[in-house]
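Just add 102 to the spot in the sequence shown (first one is 1) and you have our numbering.
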Amino acid sequence: MTPYKLQSKQNLVNWSETANAYAALREDSDVVRVDFPFGGEGWMTTTYDLVKDFYTDPNYTVEFFGDEDFPRMRQTEKSTTLTQSFLSTDGEHHQTKRGVLMRHLTVKRVNALRPRTQEFVNQCLDDFEARGNPSDITSTIGKVLPMHVLCSILGMPTITDPVFIDACSAIVDSRVTSMEEVYEAYSKITPVFVELYERKKREPGEDLMSAMIQDTAEGKWTEDELRGMGMTLLTAAHDATGVMLNSCIEWLSYDVATFERLKREPEALPRAFEEMLRLLTVGISFPRARMAKEDAILGNTTIKRGESVGGSLLAANTDPAAFPNPLTFDMDRVDPARHVTFGLGPHACPGAQLARMEITLALQEIVKRYSRFENVLPSEGWRERALCKGSAEVVVEWGRS
Numbered sequence: 103m104t105p106y107k108l109q110s111k112q113n114l115v116n117w118s119e120t121a122n123a124y125a126a127l128r129e130d131s132d133v134v135r136v137d138f139p140f141g142g143e144g145w146m147t148t149t150y151d152l153v154k155d156f157y158t159d160p161n162y163t164v165e166f167f168g169d170e171d172f173p174r175m176r177q178t179e180k181s182t183t184l185t186q187s188f189l190s191t192d193g194e195h196h197q198t199k200r201g202v203l204m205r206h207l208t209v210k211r212v213n214a215l216r217p218r219t220q221e222f223v224n225q226c227l228d229d230f231e232a233r234g235n236p237s238d239i240t241s242t243i244g245k246v247l248p249m250h251v252l253c254s255i256l257g258m259p260t261i262t263d264p265v266f267i268d269a270c271s272a273i274v275d276s277r278v279t280s281m282e283e284v285y286e287a288y289s290k291i292t293p294v295f296v297e298l299y300e301r302k303k304r305e306p307g308e309d310l311m312s313a314m315i316q317d318t319a320e321g322k323w324t325e326d327e328l329r330g331m332g333m334t335l336l337t338a339a340h341d342a343t344g345v346m347l348n349s350c351i352e353w354l355s356y357d358v359a360t361f362e363r364l365k366r367e368p369e370a371l372p373r374a375f376e377e378m379l380r381l382l383t384v385g386i387s388f389p390r391a392r393m394a395k396e397d398a399i400l401g402n403t404t405i406k407r408g409e410s411v412g413g414s415l416l417a418a419n420t421d422p423a424a425f426p427n428p429l430t431f432d433m434d435r436v437d438p439a440r441h442v443t444f445g446l447g448p449h450a451c452p453g454a455q456l457a458r459m460e461i462t463l464a465l466q467e468i469v470k471r472y473s474r475f476e477n478v479l480p481s482e483g484w485r486e487r488a489l490c491k492g493s494a495e496v497v498v499e500w501g502r503s
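Printed below as a string of structure tokens:
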């Protein structure tokens, strides 16, 4: 069978087409041969159960970055800036470093951010309304709120510099073809991080960056690990959370029946949100491939030592064995939070609780604030260049409650 060609643009105008393509692959096997955009061929899982097994199996490692031209979704995965992050390690080292970060992102600490985040949400929606009616909501909340929140957590003013924003976009761009482009993007982000780092060393505060600098002084991070983590946080806020928020907002703007039901039953919003997350899996295939450390059997397939494998989150989230009628939005679905949108295992998204909090507050305020919230300019296409998919703009006509 000819390997399925993974692309940065995979029918993103209609996400169900990609899900249907994965369904056809699932009929063939629970693990299929794929052709990566960079580095050649590898394997991809297609089922919910197998993606869980894969992401929790220590035989598959992320520790294969460097000069080797390994199969990958993004050219940036070869970046030395990425390799400096503990996110590119496995085992006890990764677990220890992740634990240092996660103590700053506990449910308790995230909940303490809710009042300030609510202020940001209100400000973003006020700015949206000030632009007239109808207006594009992505430019005033989806592209802004996550950066507001993370910059506040790091103890810095919100970054609005378009050069910085464009560089963040380039880093998550799956069609950047040369390492020169990657390093150019990082060169524009590095000064921002260095300035923040030096300022917080001189004037520490009650913020995440000051806490991470203290962790470094205590030997819990190295300087390179802190730099890699800081850069990752800055770019992640700009893209993944913003795209997820935009996608959920767009869903509400199209689905009038769901919007009206949530007006009547606001307590149903958490279930609706989880169902949106399942169907709007932001990664077009998987977060990052792993390499097999030893020969192993994965599902019905023998994986050879050194081969690359990706666990498809979208295929897992639309597997009918796990979610009956998988392409149907059902806010009454039993346990919708079983989805794997935030990943699984040791490398699951460390900011999942923060993203959930931000997006939930934004959706709650939209449902509460507006009596009418309808898309009047259907998107002609989802963003073609980024690994995380999402609409370039969402133009809605609104009416206040």
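By construction, the Cβ of each residue, glycine as well, lies at the ideal position given by its N, Cα and C atoms.
Model, not experiment: these values are computed from the prediction.
Have a look at the DSSP bridge pairing and note the partners of residue i.
| i | result |
| --- | --- |
| G412 | M146 |
| T476 | Correcting the residue type first, residue 476 is Glu in the shown sequence and not Thr. E476 is bridged to E499. |
| A398 | I405 |
| F140 | R174 |
| V134 | M146 |
Per DSSP, what kind of secondary structure is residue i in: helix, strand or coil?
| i | result |
| --- | --- |
| T360 | helix |
| E165 | coil |
| L336 | helix |
| L114 | In this predicted model, L114 has a pLDDT of only 39, less than 50, meaning its place in the structure is not dependable enough to derive any value. |
| S237 | strand |
| A494 | coil |
| T185 | At T185 the pLDDT is 49, less than 50, meaning the model places this residue with poor confidence and gives no usable figure here. |
| V436 | coil |
| R392 | strand |
| F266 | helix |
| D341 | helix |
| D151 | helix |
| K107 | strand |
| I273 | helix |
| H206 | coil |
| H250 | helix |
| H441 | coil |
| D159 | coil |
| W484 | Unreliable positioning characterises W484 in this predicted model, as indicated by a pLDDT of 48, which lies under 50. A coordinate reading is not provided. |
| F215 | Reading the sequence as shown, one finds Leu at residue 215 and not Phe. Coil at L215, not helix or strand. |
| K290 | helix |
| L489 | Any reading at L489 must be qualified, since the residue scores a pLDDT of 47, below 50, and its modelled position is unreliable; no value is offered. |
| K470 | helix |
| N427 | coil |
| P259 | coil |
| G307 | coil |
For the candidate residues the options, whose alpha-carbon lies nearest to that of residue i?
| i | options | result |
| --- | --- | --- |
| I273 | T262, A287, P264 and K470 | A287 |
| E352 | E283, I243, D421 and Y285 | I243 |
| L479 | E308, A342 and S355 | S355 |
| T404 | E119, N122, L108 and D132 | D132 |
| I468 | A269, E231 and L429 | E231 |
| R135 | G412, V442, M459 and A457 | G412 |
| T420 | M103, L108 and S118 | S118 |
| R502 | N235, F156 and R174 | N235 |
| K154 | I315, V442 and V284 | V442 |
| L247 | V223, R233, F172 and L379 | V223 |
| R72 | E308, R407 and P448 | The structure shown does not extend to residue 72, since the chain is modelled only from 103 to 503, so the question has no answer here. |
| C253 | R471, E362, L335 and R458 | L335 |
| D263 | P422, M249 and L256 | M249 |
| A454 | L207, T324 and G321 | L207 |
| T360 | A126, W500, D434 and F138 | D434 |
| V251 | K470, L456 and E499 | L456 |
So residue i and residue j are in contact, right, with Cβ under 8 Å, and what is the actual spacing, rounded?
| i | j | result |
| --- | --- | --- |
| T462 | F375 | 6 Å |
| P452 | M204 | 6 Å |
| C226 | D341 | That pair is no contact at about 17 Å. |
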